[in-house]
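Heads up, the working numbering is the position in the sequence shown plus 651, with the first residue counted as 1.
Working notes, beginning with the structure itself.
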Amino acid sequence: MSSRSAGRGPGRGPGRRRHVLVARLDSFGDVLLAGPAIRAVAAHTEEVTLLAGPVGHPAGELLPGVSRIVEWAAPWIEADPDPVDRAHVERLTKVVADAAPDAAVVLTSYHQSALPTALLLRLAGVPWIAAISEDYPGSLLDVRHRVDEELPEAERGLSLARAAGYSLPADDDGRLRVRTPLPDVPAPAGEPGYVVLHPGTSVPARAWPADRFVQAARDLHAAGHRVVVTGGAGERSLTGKVAGQCAVDLGGRTSPAELAAVLAGAAAAVVGNTGPAHLAAAVGCPVVSLFAPTLPARRWAPYRVPTILLGDQQAPCRDSRARECPVPGHPCLTTVTSADVVAAVDRLTQAPRWAREPPRGLR
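Here's what the structure looks like:
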């Protein structure tokens, strides 16, 4: 890894910052991946405010180290944003000004600019700001950090936290985490040891076909696995179809914390590149990752849990960041069969725990 940081001056030491704002304005999974960096900041401050978008807000409620959350929809990040509006911007600057953080750490993905967020935080009076930026930041940043873009997303955030003066405590291993204790698992799931199928995705280009999930539920059941199907309130038709007569359907029946509890009790989860994959990682659940290569797996695969990656990572859609599949037939994932999934689940659930570390390139 290589990193370089530059600032406008020495700033103040992290121990003197009582209240730090951490911004991560993306989706549910992105906020979960910010968790290690947030814990690093929290270890050196009295209060951490998370600035999160509407989709990421529920994930922020699960993260250790977060004192409170400010929700704001960023027009340059939301998938379907409203037009830029002065009143919307002024609402953010007022809330941040009223909170009066001493510093801010702006977390972004490799393809995003931190500078719009930094500009609004400056207008709100935040006196010290750190972010990763390849673009010239002028007076917007006190620490302009640059990193090796091959880093997994969680490590990218940690690298910025360290550059800002915030390191994880010696007893924190840097894995994803959620607050504990978790709520009880919904009764229909039964005793721990089931396999979770999560067929929904927030991005259509990352979806394994529904009929493949239906067949996987049947084949896993036939192979002797208890199967639990999960999904959001808007996915009940999908989860009911997948569950059929051979699996428990929890679609629309779990809060984010309850979904974390369900995943914590699973022997393995089968899920695409979507928020619940990172939630599984945060509770230590092995993952069969149905991973479309529209984003690079080296950055976005489930972090530091036993993982088997399925999908053609060299497909023509590679690194396109497409929301809708740009290739007829969706070949990166339609080449994955139910038999592939059953074999991957068997491999993960039968391997001894010491053998379940993922390949180094997926950590």
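From the three backbone atoms N, C-alpha and C, an ideal C-beta is built for every residue, glycine too.
From a predicted model like this one, the values you see are computed outputs, not experimental measurements.
Burial state of residue i (16 or more Cβ within 10 Å)
i     : result
S906  : exposed
S810  : buried
H762  : exposed
R857  : buried
G885  : exposed
T831  : exposed
R828  : buried
T986  : exposed
P803  : buried
G875  : exposed
E975  : exposed
P705  : exposed
S592  : Since the first residue shown for the chain is 652 and the last is 1014, residue 592 is missing from the structure and cannot be characterised.
R972  : exposed
A990  : exposed
E1036 : What the structure shows of the chain is the stretch from 652 to 1014, and residue 1036 is not part of that stretch, so it cannot be assessed.
P860  : exposed
Y787  : exposed
P937  : buried
W723  : buried
P732  : exposed
G776  : exposed
P944  : buried
S940  : buried
P953  : buried
R669  : exposed
A821  : exposed
D824  : exposed
Residue range of the unbroken beta strand (DSSP E) whose run includes residue i
i    : result
T700 : 698 to 703
L743 : Looking at the DSSP string, L743 is not in any beta strand (DSSP E); the run it does join, the alpha helix (DSSP H), is 737 to 750.
Residue i - partner residues in DSSP beta bridges
i    : result
S940 : V922, L960
L848 : V880, V921
V756 : V673, A781
Element boundaries [alpha helix (DSSP H), containing residue i]
i     : result
I720  : Element bounds for I720: not the alpha helix (DSSP H) but the beta strand (DSSP E), 719 to 722.
V913  : 907 to 915
L672  : Segment 670 to 675 is the beta strand (DSSP E) holding L672; no alpha helix (DSSP H) there.
I689  : 686 to 693
Q1001 : 989 to 1001
A710  : 708 to 711
R949  : 948 to 951
C983  : 982 to 985
A730  : Note, A730: premise wrong, no alpha helix (DSSP H); not H, not E.
R593  : Since the displayed the chain opens at 652 and closes at 1014, residue 593 lies outside it and no answer follows.
Beta-carbon proximity check, residue i vs residue j, cutoff 8 Å
i     : j    : result
A1016 : H796 : Outside the modelled stretch of the chain, which goes from 652 to 1014, sits residue 1016, for which no answer is possible.
D799  : V671 : no
V740  : A674 : no
L819  : P687 : yes
A918  : Y845 : yes
A868  : V893 : yes
L702  : L676 : yes
V682  : G716 : no
G923  : T988 : no
L774  : T744 : yes
A995  : I959 : yes
G891  : P843 : no
V747  : L772 : yes
I780  : T759 : no
P850  : G895 : no
L848  : V880 : yes
P837  : R742 : no
Y817  : H695 : yes
Inset, instruction - Can you check the stretch 859 to 902 for any alpha helix (DSSP H) of at least 4 residues that lies completely inside it and give the ranges in chain order? - result: Entirely contained in the stretch 859 to 902, the alpha helix (DSSP H) runs reaching 4 residues are, in chain order, 861 to 873, 887 to 894.
Legend entry - Complete alpha helix (DSSP H) runs within the stretch 783 to 836 (minimum length 4 residues, chain order): Within the stretch 783 to 836, complete alpha helix (DSSP H) segments of at least 4 residues are found at 804 to 814, given in chain order.
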